[in-house]
Amino acid sequence: MAHMNMLQAINQALDIAMDSDPRVICFGEDVGGFGGVFRATSHLQEKYGKARCFNTPLVEQGIVGFANGLAAQGHRAVAEIQFADYIYPAFDQIVNESAKFRYRSGNLFNVGGLTIRTPYGGGISGGHYHSQSPEAYFAHTPGLKVVVPRNPHQAKGLLLAAIRDPNPVLFFEPKRLYRASSGEVPEGDYQLPLGEAEVVKEGADITLVAWGAQLPVVEEAAELAERDGISSEVIDLRSILPWDRDCVAESVFKTGRLVISHEAPLTGGFAAEIAAAIQQRCFLYLESPIARVTGLDTPFPLTLEKEYLPDALKVLEAIRASVNF
Amino acid sequence: MAHMNMLQAINQALDIAMDSDPRVICFGEDVGGFGGVFRATSHLQEKYGKARCFNTPLVEQGIVGFANGLAAQGHRAVAEIQFADYIYPAFDQIVNESAKFRYRSGNLFNVGGLTIRTPYGGGISGGHYHSQSPEAYFAHTPGLKVVVPRNPHQAKGLLLAAIRDPNPVLFFEPKRLYRASSGEVPEGDYQLPLGEAEVVKEGADITLVAWGAQLPVVEEAAELAERDGISSEVIDLRSILPWDRDCVAESVFKTGRLVISHEAPLTGGFAAEIAAAIQQRCFLYLESPIARVTGLDTPFPLTLEKEYLPDALKVLEAIRASVNF
Amino acid sequence: MTRDTSSVHVPHFMTGDEWQVPTFALLRQDGSLHDGAEAPELTHDKALRIYRAMRFTRVLDERMLAAQRQGRLSFYLQSTGEEATVVGATAALQDDDMIMAQYREQGALAYRGFSIDEFMNQLFGNALDYGKGRQMPIHYGSAEYHYMTISSPLATQIPQAVGYAYGQKLDGEGRCTITFFGEGAASEGDFHAALNMASVHQVPVIFLCRNNGYAISTPVVEQFAADGIAPRAFGYRMHVIRVDGNDLLAVYQATLAARRLAVEENKPVLIEAMTYRLAAHSSSDDPSGYRSQKEEAAWREKDPLARMRHWLERQGWWDDDEERRLEEQLRDEMLAAMKRAERQPPPPLASLVSDVYDEVPAALAEQLAVLEAHVRRYPEEYPRGAAGLDAGAETAAGGQ
Amino acid sequence: MTRDTSSVHVPHFMTGDEWQVPTFALLRQDGSLHDGAEAPELTHDKALRIYRAMRFTRVLDERMLAAQRQGRLSFYLQSTGEEATVVGATAALQDDDMIMAQYREQGALAYRGFSIDEFMNQLFGNALDYGKGRQMPIHYGSAEYHYMTISSPLATQIPQAVGYAYGQKLDGEGRCTITFFGEGAASEGDFHAALNMASVHQVPVIFLCRNNGYAISTPVVEQFAADGIAPRAFGYRMHVIRVDGNDLLAVYQATLAARRLAVEENKPVLIEAMTYRLAAHSSSDDPSGYRSQKEEAAWREKDPLARMRHWLERQGWWDDDEERRLEEQLRDEMLAAMKRAERQPPPPLASLVSDVYDEVPAALAEQLAVLEAHVRRYPEEYPRGAAGLDAGAETAAGGQ
Ligand SMILES: Cc1ncc(C[n+]2csc(CCOP(=O)(O)OP(=O)(O)O)c2C)c(N)n1
Ligand SMILES: Cc1ncc(C[n+]2csc(CCOP(=O)(O)OP(=O)(O)O)c2C)c(N)n1
Ligand SMILES: [Mg+2]
Ligand SMILES: [Mg+2]
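Residue numbers (this note's numbering), protein chains in the order written: chain Y, 73 to 397; chain Z, 73 to 397; chain C, 909 to 1308; chain G, 909 to 1308.
Printed below as a string of structure tokens:
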């Protein structure tokens, strides 16, 4: 075990992936000699050479198009999009191409070697173009996997799994936690399973579901609620697509209450899917309406970012409302 | 009143919009002399000249980028994307630009004059690239309006409203109904309200919500259910964003049951939002879980399209399951 | 930026009109060589393989358009007029170089040996279609013949070809990738991204633009203001050549040379083939609304098949008899194959959910189970689904 | 495609190395004119207006970077080294021509008269910021000065500028649009789309590329393989000129000529200004990781402000005294304005939901109501939100 922050854990995962498989190639804007604007790819070019870790021209649709082709050819393409807010020029390559590549060819061809890493989320005074959480767009796209880690240990294990998974994976990195989150991380090579949620804290009265940077927020809310005598079960979804319905449903069967929280706007956010699926699966067990604590239905603001964000107090209020329903 | 099909109604709406306001400009791939691959823009170039109705180069990101600028300048830009499946190259211009233009400038600038028309949906043997229903991607994007008409009368009135609305509007045209749906349409200039659902058929036992090409499907299901003695209330959402929660909630307060249907894949489809919002709003009134009848969580197929589609029989089964819960 | 750009003190605008890109041509329509032209080395066998592929394509297009008109097929798209461009370029490659095409390149598959049955199974989307009946007719793909499955969104394959070729370069086995696309598709942002990335990363890729005059109804003058697509290469300091796309020998020779640059020097190349889409855009289109019969007739005079045939005849490699026999044979084989394909069952119901991922996720397997139960309840309403119900049990499990 | 392209019979590849785009320059660093160069007509007043805007920009950048370092600002981005490019181009336009910039063009606003207070209110995102504190510092916008609000996603403004200019052409009032962007942003697909559409539709737009050598850490050699951005114009048969971007007079003259082409002949023009980003990319960046001090020093020798000042001095229009007075005055004014801006309250809570649409939709008004109640419950946790609670009541209603 070693103590490190999330960026270091991600950098280690990339290093191990490249070291253990010569077919792993990392690229994106500024990821080469400079090591990425967040330094997630530091030293990789030095270690593995310019052919395996390099800068691309500034064109996201080209980066992902190139990555699709490289993955189809049999390499493991690990592309970085500098901010999730800038992933949209590549939307067509991701949604129409990566996601449908295997299906449309009847499995003659696939881009399973593709992983797209991108920092997402607010809390860093980024305004609406350095703060977005676009995971729900991709979660509506069969053929993709969507993964979000909550801490360094998760980040390393999930990223290694994502790179080696035989399906295209979008890996959203909570940039607010890049340096803020640190902890013990196994030194060696390990993987955590995709598509499986984790019960981070057991509880009896209410289930709280979140992912990525929102995990510390709901954990804090759970602690606050504890003071009211409310026992919360906290679930980290980890994968948004496919997502672990069984884990959430099991929990709700027990608690009868559910609060889901994400930073993205409410309408059409992924909490909607969870609420829709769980109200169906757990209908007779629900003691109060499923609540969503999310960003407002607006673009992401700046000066009033704190007010905008679904913070622990807002989650706490939702917990109280649910329990007192 | 005149009898016409949906394409004729759309063509009339464009004609009236251009005639009544010299600032309305129509463009897109093949929309000029040829009048569009579906002929929705027939004769407009002849009538209003090449400067106001023209072909663009084959580049969707350019079409919408250009349209954003033209709208910001004060014109009413009506851009056609040839198929909704090809709107993704313009995703960045729509989601990062059109949707946030007014907000980010504090209302100094806006692209309210923008309307994007695009045919969507399956049922025409189009396989996965001429059949998609991508409305949910845009419904997760504050700043946009998303509208889907169900028949010629609606198409004309809603399109005129969309073009004149002071906000950017995505207008999804159900191409399966272009020629298949015909009916009486007022000859003159009229508008139907955006953001308001319509109760198409009143009923007591269950509420069915759909939009666009799915309307005839749920209407047929309602008829079939009638034979079982089940009385369905059928709601056409018409606008997906903003959507008319009050109308749906009122209905569910009365019926206690809700089935929502769309062609897009289940996970993260817009039915999830409706279900999530209505289970919260109508919690104590629901007699059975809210059901969703949708496309499978796969890309759109071809040979087995009929099996894939959420047809009237599948809606009927959902109605029965809900009533017999 | 190694160039020593000179400095001037009077403002002067350039437009590219300062120079021009000539068209490389070898054959006259009558099959004779232009003055000063030299035919590439081409064996008797290879020349006939090329011509047979061209003729195959022409006959396939005629037959299948007719079948579409009869309602036997939902859709078809011809390559008529562009056979020399597609087959000529393919013939200049190694048979295991990768091809990433747009949709009008059936000639490449024909040249490589994709069988009539393989064509038909795709066109009819039956149980034997490699694509499992998921895409519209003409969306062929073949792993065996190194032909990437066609995808309808335009230009997406162009940057993919760059990535594919980059992988080939890393593998170091001397292979390259060719990507075909129309002059319309070259307007997409993906094209620009691809050219730039290929030239920066020195990738062994050949960009072959079929400039056939139209993108559906849109003529080139409404697609771009420049003299064709070729000058775009200058923006990336990429090697470029323009070629008479109806001249098999010229396309072949240009592509041979391009392949040498790509594979031996890691220099990507743009080839602009000047040709004409003699047929409608597709079976859904009627070109009489946007172009003149006179224009079409003028191009029919430049038919690439006739030109190649005349050359072959001059070599003494072909005659009317052989032509007639080949046509008849192709027609008969196609008719028979079409019937075989039509008789095949549809893909099994379970193929609806396989290949979305490498394995079928639990939630999707559940969706299939619900659908299967539904189809069993109403078998007469879903004849295709019911037909494939039991056949497909293992498919669902295996994901293949 | 009106060009009569000649036919050749030997395959020959071109790359664009056949010719080159020279750099238009007028001023030497010492303020004298190059041999054969002629200065554009520039009145004393206009020359000083230009120089003051350049100096304003330089001082603003210095002050605000310092403020950022002190933690008073979250972020800042300098234009240091590129003032001649931005101010020179702006000065050649009509004051009501539209400007659609990338983010490093504060000089354009300074030239047009955007006040120190207006700058500061945006930088501090306070209640007086036109953008209502929604975007990061340096995302200025001004309807009064025809300066489109900056948007962070790169290159999106380039096709928008084409649409804007198309609208101006329809209006027929002789106005045009200029769009600024970096050589990195020119790699985006939007750039290609914009050039193509502008040339096909003959739109009065000027594309001004600031080729400053870097896109964050990425040097031009990893951005493109060609000799700069200029040759891309040839792909669209667009007028293009390359200019020494540190030479105010040359940029001014080139842009004047470009505007004439755009407005009088509806010919879009690409200008590539060769310059250098003397500072870090932004306050978040440290260039020592990717370029040498030697390289920076060499470019510091070409400082565009010094060059312009030397020219002014040669005209007898400027001297050390005036320079010192101007700097002092600017510093004092900026300090005072910064303090004023910091004292302003934040935008009202209701500004979180206005301007998403022309009017606040019911569901969003509800979300605001819930938020307001929450902030009232925990005012000490949300000091900014609580501060603006009552001030903002009418804002929510009016949507303005
Ligand atoms: C991204 C995208 N936009 C639009 C279309 C619809 N479309 C199909 S083919 C076509 C014209 C293509 O023209 P060109 O590239 O010149 O090829 P050609 O048909 O002439 O061979 C269009 C607009 C599409 N398939 N994909
Ligand atoms: C679409 C998009 N991708 C990435 C970024 C992140 N980013 C901001 S500035 C920048 C470099 C831009 O370089 P250039 O265009 O040369 O302008 P300069 O900073 O040199 O003025 C990058 C990559 C962005 N803002 N938008
Ligand atoms: Mg074409
Ligand atoms: Mg730059």
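The beta carbon of each residue, even a glycine, is placed where N, CA and C say it ideally should be.
Along the alpha helix (DSSP H) that carries residue i, what are the first and last residues, could you check?
i, result
"C/HIS1109", "1097–1109"
"Y/VAL424", "Given a span of 73 to 397 for chain Y in the structure shown, any question on residue 424 of chain Y remains unanswerable."
"C/ASN1029", "1024–1032"
Nearest to residue i by alpha carbon, out of the options?
i, options, result
"G/VAL1070", "Z/GLN351, Z/ILE88, Z/GLN133", "Z/GLN133"
"C/SER1060", "Z/ARG148, Z/GLU118, Z/GLN154, Z/GLU322", "Z/GLN154"
"Z/ILE307", "Z/VAL271, Z/HIS147, Z/GLY121", "Z/VAL271"
"G/MET1044", "Y/GLU389, Y/SER394, Y/GLU377", "Y/GLU377"
"Y/VAL289", "Y/ALA384, Y/SER92, Y/GLN84, Y/THR113", "Y/ALA384"
"Z/GLU101", "C/ARG1118, C/ARG1083, C/ALA1123", "C/ALA1123"
"C/GLU1250", "C/ARG980, C/ASP925, C/GLY1090, C/GLY1080", "C/ARG980"
"Z/GLU268", "Z/GLY260, Z/PHE138, Z/VAL220", "Z/VAL220"
"G/ASP1135", "C/LEU1243, C/ASP1227, C/MET1146", "C/MET1146"
"G/ALA1106", "G/PRO1127, G/TYR1074, G/GLY1082", "G/TYR1074"
"C/PHE1088", "C/ILE1024, C/GLY1153, C/LEU1036", "C/GLY1153"
"Z/VAL183", "Z/THR128, Z/PRO240, Z/GLY229", "Z/PRO240"
Which two residues bound the contiguous beta strand (DSSP E) that contains residue i?
i, result
"C/HIS920", "C/HIS920 -> no beta strand (DSSP E), and no H or E assigned at all."
"Y/ASN127", "125–127"
"Z/ILE332", "330–337"
"G/LEU1260", "No beta strand (DSSP E) contains G/LEU1260, which DSSP labels as neither H nor E."
"C/MET1182", "1177–1182"
"G/THR998", "Here G/THR998 belongs to no beta strand (DSSP E); instead the alpha helix (DSSP H) covers 991–999."
"Y/ALA276", "Counting along the chain, Y/ALA276 falls outside any beta strand (DSSP E), and DSSP gives it neither H nor E."
"Z/ASP308", "304–308"
Note down the Cα distance separating residue i from residue j, rounded to an integer number of angstroms.
i, j, result
"Y/GLY195", "C/PRO1254", "53 Å"
"G/ARG1215", "Z/ARG111", "59 Å"
"Z/ARG392", "Z/ALA297", "8 Å"
"C/ALA975", "C/ARG957", "26 Å"
"C/LYS1077", "G/LEU1017", "48 Å"
"G/VAL1108", "Z/VAL96", "20 Å"
"C/GLU1231", "C/SER1200", "31 Å"
"C/HIS1189", "C/SER1095", "18 Å"
"Y/ALA285", "C/MET962", "59 Å"
"Z/GLY107", "Y/ASN83", "54 Å"
"Y/LYS172", "C/GLY1041", "14 Å"
"G/GLN978", "G/TYR984", "12 Å"
"Y/ARG299", "Y/LEU388", "11 Å"
"G/ASP953", "Y/PRO371", "43 Å"
Listing by chain order, which chain D residues have their CB less than 7 Å from the CB of residue i?
i, result
"G/TRP927", "Looking at the structure shown, chain D is missing, and the protein chains on hand are Y, Z, C and G."
Closer than 7 Å, Cβ to Cβ, to anything on chain Y: give me those residues from the stretch 1277–1295 of chain G, in chain order. If the cut-off is 7 Å between Cβ atoms, the stretch 1277–1295 of chain G has LEU1279, HIS1282, VAL1283, TYR1286, GLU1289, TYR1290, ARG1292, GLY1293 near chain Y.
Residue list, Cβ distance to ligand 3 heavy atoms smaller than 7 Å: These are the residues, in chain order, with a beta carbon less than 7 Å from any non-hydrogen atom of ligand 3: C/GLY1090, C/GLU1091, C/GLY1092, C/ARG1118, C/ASN1119, C/ASN1120, C/GLY1121, C/TYR1122, C/ALA1123, C/ARG1185.
Could you run through the stretch 1111–1143 of chain G and flag, in chain order, every residue whose CB is less than 7 Å away from some CB of chain Y? Flagged, chain order: ALA1123, ILE1124, SER1125, THR1126, GLU1130, GLN1131, PHE1132.
Closer than 8 Å, Cβ to Cβ, to anything on chain Y: give me those residues from the stretch 1051–1063 of chain C, in chain order. Here the close residues are ALA1051, MET1056, THR1057, SER1059, PRO1061.
Relative to chain C, which residues along the stretch 252–276 of chain Z have a C-beta separation below 7 Å, given in chain order? Those would be none; no residue qualifies.
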